[in-house]
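Take the sequence shown: its position 261, counting from 1, is numbered 262 in my numbering, and each next residue is one higher.
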Amino acid sequence: MDLGHALEATRANLNAEIESFFNSAPPLKNSVDIRNGGGRRVVCVTAGGTTVPLEQRCVRYIDNFSSGNRGATSTEYFVKAGYAVIFLYRRGTCQPYCRSLPDDPLLECFELTDESNIKVHELYSEAVKKAITEHRAAVEEGLLLKLPFTTIFEYLQILRMIALSTSNLGQNAMFYLAAAVSDFYVPWHSMAEHKIQSASGPLNMELAQVPKMLSVLRQDWAPKAFFISFKLETDSKILLQKAISALEKYKMNMVVANELSTRKEEVVVVTSSEKISVRRNKDRGFEDVENPLIQLLVERHSAYIESSSDL
Ligand code: PMT
């Protein structure tokens, strides 16, 4: 078989795997339709980890690590930069505008003054006011749409729906894929319906590979959009090479490489010609690494839109 035919066969296989993934996934309860961005730039920010259920009536699942902080913080900076954000997040993870609040805001931020009155605790009054005001402004101006997922089935179905709905935005759409997505899963039709019984002894289970959606997302679902994916590793020696491979393999515009232990301090943005280190720097007013990171991405997205309009 020559190279052309081999590539065609690989692509046909991938398409068949993807088709089978979606055909066998449990259907979503709601659907998404984003028609008109009104000329505005729109970014889909994904955040949090996907789960892989082991039973259809799920008691146990495999999880992917992510607090959701990267996506939530980045969302705030994208809104500030004038983008409309579709925030596709794992239920229960970090939310935009809630970073300065304590872990249990309801119990820690409020106090009873008497039997029938509740007020915000002095200590948190500024943080609560800021969070409510900024969140409300983003929602009322139509700049923030929050869509939750839990399982890999929900995540990929919603992501596909968003991508297909934003295809009419052309180069104005951006995908910022910070979610930690499962690589392996139990196909729905081969999954036990009820709780797996421990009395049956040790559990042997074969996990199927989640089809590589990044390439179809990029090439078929939203071919004109600007794409940023992430690469997370715990071994710094292999991180950059893995990011370069992802950039080439999935034809991303940029890949953000981060190491687990230093991810809040530094990331390296890999493009086809550069490796740009982006750091948190309090002296320059960058309280978090997302501030300079989103600035850089917005600049590069502008250049991408401009260069596409020259064609
Ligand atoms: O949430 P925090 O605690 O703040 O941490 C942030 C983070 C470390 C989770 C984040 O910065 C990050 O690196 N996210 C990607 C983590 C990851 O494990 O990526 P991956 O190797 O599984 O996937 C690579 C890229 O492809 C990711 O952009 C992922 O969203 C995307 N992907 C992967 C597989 C798949 N089937 N579909 C995808 O979209």
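In this text, a Cβ means the ideal position worked out from N, Cα and C, and glycines have one as well.
Query raised in the report: Taking 8 Å as the line, does the beta carbon of Val-182 fall inside it for any heavy atom of the ligand PMT?
Result: Here residue 182 is taken as the residue at index 181 of the sequence shown, counted from 1. Checking the Cβ of Val-182 against the ligand PMT gives yes.
Report task. Report back the beta-carbon spacing between Ala-181 and Asn-65 to the nearest angstrom; my notes put them in contact at under 8 Å. Result -> Against the sequence shown, residue 181 aligns to sequence position 180. Against the sequence shown, residue 65 aligns to sequence position 64. Yes, they are in contact, since the Cβ atoms of Ala-181 and Asn-65 sit about 4 Å apart, within 8 Å.
Query raised in the report: Do you know how far the Cα of Tyr-98 is from the Cα of Ile-133?
Result: Taking the first residue of the sequence shown as position 1, residue 133 is located at position 132. Taking the first residue of the sequence shown as position 1, residue 98 is located at position 97. Looking at the two C-alpha atoms, the distance is approximately 8 Å.
Report task. Give me the Cα-Cα distance between Gln-296 and Val-290, rounded to the nearest whole angstrom. Result -> To locate residue 296, count along the sequence shown from 1; it is residue 295. To locate residue 290, count along the sequence shown from 1; it is residue 289. If you take the alpha carbons of Gln-296 and Val-290, they lie about 10 Å apart.
Query - Limits of the alpha helix (DSSP H) - the one that Met-162 falls within - result: Your numbering for residue 162 matches position 161 in the sequence shown. Counting along the chain, the alpha helix (DSSP H) containing Met-162 begins and ends at 153 to 166.
Requested in this report: Would you grab the beta carbon distance between Gly-50 and Arg-91 for me? Rounded to a whole angstrom, and I think it's under 8 Å.
Outcome: The sequence position of residue 50 within the sequence shown is 49, counting from 1. The sequence position of residue 91 within the sequence shown is 90, counting from 1. Yes, Gly-50 and Arg-91 are in contact; Cβ-Cβ is about 6 Å, under 8 Å.
Query raised in the report: Ordered along the chain, which non-local residues of its own chain (more than five positions away) have a Cβ less than 8 Å from that of Val-43?
Result: Reading the sequence shown from its first residue, position 42 is the one you call residue 43. Closer than 8 Å at Cβ, skipping near neighbours: Ile-35, Tyr-84, Ala-85, Val-86, Ile-87, Thr-167, Leu-170, Asn-173, Ala-174 and Met-175.
Requested in this report: Find the nearest neighbour of Leu-89 within the set Cys-59, Cys-95, Ala-48 and Leu-102, judged by alpha-carbon distance.
Outcome: In the sequence shown, residue 89 corresponds to position 88, counting from 1. Of Cys-59, Cys-95, Ala-48 and Leu-102, the residue nearest in Cα terms is Ala-48.
Query raised in the report: According to the Cβ coordinates, are Phe-231 and Val-53 closer than 9 Å?
Result: Here residue 231 corresponds to residue number 230 of the sequence shown, with the count starting at 1. Here residue 53 corresponds to residue number 52 of the sequence shown, with the count starting at 1. The answer is no: Cβ separation not under 9 Å.
Report task. Specify the secondary structure class of Gly-83 as computed by DSSP and reduced to three states. Result -> Residue mapping note: residue 83 aligns to position 82 of the sequence shown, counting from 1. Here Gly-83 sits in coil by DSSP.
Requested in this report: Please work out which residues of its chain come closer than 6 Å, Cβ to Cβ, to Glu-275, disregarding the five sequence neighbours upstream and downstream, and give them in chain order.
Outcome: What you label residue 275 is simply residue 274 of the sequence shown in a count that begins at 1. Nothing listed; no residue qualifies.
Query raised in the report: Where does Phe-111 land, buried or exposed, given buried means 16+ other C-beta within 10 angstroms?
Result: For the purposes of this step, residue 111 is identified with residue 110 of the sequence shown, where counting begins at 1. The residue in question, Phe-111, is exposed, as its Cβ has fewer than 16 Cβ neighbours within 10 Å.
Report task. Tell me whether Ala-174 counts as near the ligand PMT, meaning its Cβ is closer than 8 Å to at least one heavy atom of that ligand. Result -> Here residue 174 corresponds to residue number 173 of the sequence shown, with the count starting at 1. Ala-174 Cβ: outside cutoff for every heavy atom of the ligand PMT.
Query raised in the report: Taking just the CA atoms, how far does Cys-95 sit from Lys-131?
Result: For the purposes of this step, residue 131 is identified with residue 130 of the sequence shown, where counting begins at 1. For the purposes of this step, residue 95 is identified with residue 94 of the sequence shown, where counting begins at 1. C-alpha separation (whole angstroms): 17 Å.
**Report entry** Contacts around Pro-224, its chain only, beta-carbon distance under 8 Å, and the 5 residues preceding and following it disregarded
**Finding:** Looking up residue 224 in the sequence shown gives position 223. Cβ within range, chain order: Ser-168.
Query raised in the report: For the alpha helix (DSSP H) that Ala-174 lies in, which residues bound it at each end?
Result: In the sequence shown, counting from the first residue as 1, residue 174 sits at position 173. Note, Ala-174: premise wrong, no alpha helix (DSSP H); beta strand (DSSP E) at 174 to 178.
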